[in-house]
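First to last, the protein sequences are chains A and B. Just so you know, we're using this note's numbering here: the first sequence kicks off at 1380 and counts up by one. Just so you know, we're using this note's numbering here: the second sequence kicks off at 1380 and counts up by one. Every residue, glycine too, gets a C-beta built ideally from N, C-alpha and C.
Protein chains: 2
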Amino acid sequence: MPTTTPRDRYREQVRTEAKSIAWEQIGASGASGLSLNAIAKQMGVSGPALYRYFAGRDELMTELISDAYTDIAAALRAAAVREKDDRKRPAAVANGLRTWAKRNPHRYLLVWGTPVPGYEAPQTTTDAARKAMAVLLETFAALDVAKGRDALQDDALSGEWAPGTSPRTRRRALAFWTRVHGFVSLEICGHFNGMGFDPDALFAAEVGTLHEV
Amino acid sequence: MPTTTPRDRYREQVRTEAKSIAWEQIGASGASGLSLNAIAKQMGVSGPALYRYFAGRDELMTELISDAYTDIAAALRAAAVREKDDRKRPAAVANGLRTWAKRNPHRYLLVWGTPVPGYEAPQTTTDAARKAMAVLLETFAALDVAKGRDALQDDALSGEWAPGTSPRTRRRALAFWTRVHGFVSLEICGHFNGMGFDPDALFAAEVGTLHEV
DNA sequence: AAGCTTCTGTTAGAGGTTCTAACAACAGTG
DNA sequence: CACTGTTGTTAGAACCTCTAACAGAAGCTT
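Here it is in structure tokens:
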């Protein structure tokens, strides 16, 4: 039984506050602008004090990424359970992910953008990844009526990421992930800017094609 | 007539060498590990000397990104002209982009990954972006037989990025870009690792769906 | 050829970062 | 009350970007 002493609670509070300020900084100047020193200063504490709470910049970063991953998984789950109609659920999840990403672009990019050098995915992150994938797999499994075979070899997309799923479900889940990610990452990185087309229309069209795959 | 003096040539040579070392460093430790100082040291020259050649770290980074963008556009063009069969050209271009990205993951991510803070796209980058998009638009325009209307509003995807193209061509070019980017960026960031499915099979399947859109 | 100008390199230094080491002060426990 | 462990402090090493002031070489002009 992990009894939490006052010291433990204080420690956790400091860590939480530091992480919150860290997100502010990342939002302002990107992941590369994250400075343990600046966080300490903003907390009214002097530089190396934070090293009592985080082994270093990398550990803080790793924890931020891990938290973000957990958030994404939760957002996906929430979007999925909110939509009762199996047929409409894929679109709902897609919209949920896009909305979350637009609200938390830096969090999203920390998880699925350019990897940060010193980061080693801990167990909790792997778990969150599995949970996120599970939402997609369940979403498409609900639509799984026997409808003939996929064009692919049945086992080409199998693997430990999706045990006990049908080939079509795996195919759809992966199409969902890669397509939605492609759109969302380009959108939040601003690569659609200045092109002049309507992103909403493109997204809606792409989501529509998920039924066909 | 811009006559190139020996000094100009020397200057250009130094800049080129610096950029080449910069790519090495980025390959080794990511974009955040790029250090003007370290480049200088490796060139056998002392720290601030490089500031005669680049206004600062941001300018060097901007030039690297711009060069990478130009490279991507060239790779797309090369893949397109290599395939004579109009019907097979989309797949050829997709494979060309994926291959280039796997060979130059950092270059790819600098262009289409998480944006780096101090970067402001110069004119040359915008031009390269247009050229890259032009390859996609031409590739799909070649398949443009009158085949009924798109499900979308005809003008929803129009804009200055694609003047004088059909709605279907625009739709396909954007689907190509977002889908291939989604797959490629996840793949080179290592997000498929440990999942256990066959990336080649998924990519082939996704490329196959481009005909249907 | 001589002199002037421009460019290129140097060192010094300010201010930022991460992170370690040594030390002081506090909280909680026997 | 004393002891232990935690938390904060400052000092400092090693890195970074970037500016300033200066030395020397290269090229152009007269």
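- In terms of beta-carbon proximity, His1590 (chain A) stays away from the interface with chain B, with every pair separated by 8 Å or more.
- When 9 Å is used as the limit between beta carbons, Arg1431 (chain A) is near no residue of chain B, the shortest such separation being about 25 Å.
- Secondary structure note for Met1422 (chain A): it is in no alpha helix (DSSP H), with a DSSP letter that is neither H nor E.
- Under the 10 Å beta carbon count, Pro1385 (chain B) is surrounded by fewer than 16 other beta carbons and is classified as exposed.
- Following the DSSP letters along the chain, one finds Asp1446 (chain A) inside the alpha helix (DSSP H) bounded by residues 1436–1461.
- If the five residues before and after Ala1541 (chain B) are omitted, its C-beta is found closer than 6 Å to the C-beta atoms of Leu1516, Arg1549, all from its own chain and listed in chain order.
- Taking C-beta separations shorter than 7 Å and ignoring five residues to either side along the sequence, the partners of Asp1465 (chain B) in its chain run Ala1521, Leu1522, following chain order.
- Taking 8 Å as the cut-off between beta carbons, the residues of the segment 1482–1503 of chain B near chain A are Leu1488, Trp1491, Gly1492, Thr1493, Pro1494, Val1495, Pro1496, in sequence order.
- Interface annotation, Thr1557 (chain B): in contact with chain A, CB-CB separation under 8 Å.
- Rounded to whole angstroms, the gap between the alpha carbons of Gly1409 (chain A) and Lys1463 (chain B) is 44 Å.
- In the DSSP assignment, Glu1499 (chain A) falls outside any alpha helix (DSSP H), carrying neither H nor E.
- Secondary structure note for Arg1386 (chain B): its alpha helix (DSSP H) is the uninterrupted segment 1385–1408.
- The criterion of a C-beta distance shorter than 8 Å is satisfied by Leu1415 (chain B) and Leu1439 (chain B).
- Cα atoms of Ile1418 (chain B) and Gly1497 (chain B): separation of roughly 19 Å, rounded to the nearest angstrom.
- For Pro1501 (chain B) against Cys1568 (chain A), the beta-carbon gap comes to about 17 Å, at or over 8 Å, which does not count as contact.
- For Ser1408 (chain B), the neighbours in chain A by C-beta distance under 9 Å run, in chain order, Pro1496.
- Of the residues assessed, Val1460 (chain B) falls on the exposed side of the cut-off, its CB having fewer than 16 other CB atoms within 10 angstroms.
- Taking a Cβ-Cβ cut-off of 8 Å, the neighbours of Gly1575 (chain B) in chain A comprise Ser1537, Gly1538, Glu1539, Trp1540, given in sequence order.
- DSSP places Pro1469 (chain A) in the uninterrupted alpha helix (DSSP H) bounded by 1468–1482.
- Residues of chain B with a Cβ closer than 9 Å to the Cβ of Glu1585 (chain A) are, in chain order, Leu1553, Ala1554, Thr1557, Arg1558, Val1592.
- Around the Cβ of Ala1458 (chain B), a 10 Å sphere holds 16 or more other Cβ atoms; the residue is buried.
- In terms of CA proximity to Leu1553 (chain B), B:Thr1518 leads the group B:Thr1518, B:Pro1578, B:Ala1580.
- No residue range can be given for Trp1540 (chain A), since it is assigned to no alpha helix (DSSP H) and is classified by DSSP as neither H nor E.
- Taken atom to atom, the span from the alpha-carbon of Glu1396 (chain B) to that of Tyr1389 (chain B) is near 11 Å.
- Residue-level contact by beta carbon fails for Arg1436 (chain B) and chain A, as no gap is shorter than 8 Å.
- Taking 8 Å as the cut-off, the Cβ atoms of Leu1565 (chain B) and Thr1557 (chain A) count as close.
- Taking C-beta atoms as the reference points, Gly1575 (chain B) and Gly1426 (chain A) fail to come closer than 8 Å.
- Non-local beta-carbon contacts of Ile1451 (chain B) in its own chain, meaning distances under 8 Å to residues more than five positions away in sequence, involve Leu1476, Trp1479, Arg1486, Tyr1487, Val1490, Ala1507, Ala1511 in chain order.
- Using beta-carbon distances, Phe1562 (chain B) counts as an interface residue toward chain A, with a partner under 8 Å.
- Neighbours of Leu1565 (chain B) across chain A, judged by C-beta separation under 8 Å: Trp1491, Trp1556, Thr1557, His1560.
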